[in-house]
Amino acid sequence: SVTISTQEATVRASSDAKIKVAFTNNTGKDLHYAVGGPGRDGPVFDIDIRDSTGKLVPETSYGLTMHGKDPRTFSGSVFRATVHSGETMEGIEVDLSKEYDLSKLGKYTVQVKERNPVFQAVKSNTLTVAVVP
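When we follow our numbering, the leftmost residue of the sequence shown carries the number 83, and every step to the right adds one.
Printed below as a string of structure tokens:
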């Protein structure tokens, strides 16, 4: 399961809009993920963030890198880590304002989806974040 939360559902323009992501392994099996590659360490997930009209919000340059869409070649080390059955991985913090263009005032809906091909149907709860002057 995937759960997202925020301490501030209303943020000022040009301020950080942070969410926390928690993954719980309810599969009965160990799950493995890569650490150290381009983007975030930990389970790989997609963020669906939309404006008040339902339109997807564009990614920033930083966001493209974090989402593994940067065309530059990666150089570095990658290793495998495990989330055991029944374990919850918490503490994954995402600053939406760094990864997405939240320069327009208004309300945004946010949902996280697991990118693992086996668990792609696993989606988080939906949050609403308001960007105000």
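Glycine included, every Cβ here is placed at the ideal spot set by N, Cα and C. The structure presented is a predicted model; accordingly, all values stated were derived computationally and were not measured.
Which whole-angstrom value is the C-beta distance of residue i and residue j, which I expect to be below 8 Å?
i, j, result
"residue 102", "residue 174", "7 Å"
"residue 107", "residue 179", "Actually they are not in contact, since the Cβ atoms of residue 107 and residue 179 sit about 29 Å apart, beyond 8 Å."
"residue 114", "residue 170", "With a Cβ gap of about 16 Å, residue 114 and residue 170 do not count as contacting."
Taking 7 Å as the limit between beta carbons, can you name the residues of its chain near residue i, skipping five residues before and five after?
i, result
"residue 92", "212 and 214"
"residue 193", "130, 205, 206 and 208"
"residue 132", "138, 139, 190 and 191"
"residue 83", "106, 108 and 204"
"residue 172", "104"
Only counting the same chain, and skipping five residues up and downstream in sequence, which positions put a Cβ closer than 6 Å to that of residue i?
i, result
"residue 176", "101"
So, helix, strand or coil for residue i, using DSSP?
i, result
"residue 181", "helix"
"residue 134", "coil"
"residue 146", "helix"
"residue 112", "coil"
"residue 90", "coil"
"residue 195", "strand"
"residue 208", "coil"
"residue 102", "strand"
"residue 188", "strand"
Where does residue i land, buried or exposed, given buried means 16+ other C-beta within 10 angstroms?
i, result
"residue 90", "exposed"
Could one say the Cβ of residue i lies closer than 8 Å to chain C's Cβ atoms, at least one of them?
i, result
"residue 140", "The chain labelled as chain C is not found in the depicted structure, where only one protein chain is given."
Ignore the nearest five residues each way along the sequence and tell me which others in residue i's own chain have a CB closer than 8 Å to its CB.
i, result
"residue 181", "129, 141, 142, 144, 145, 148 and 149"
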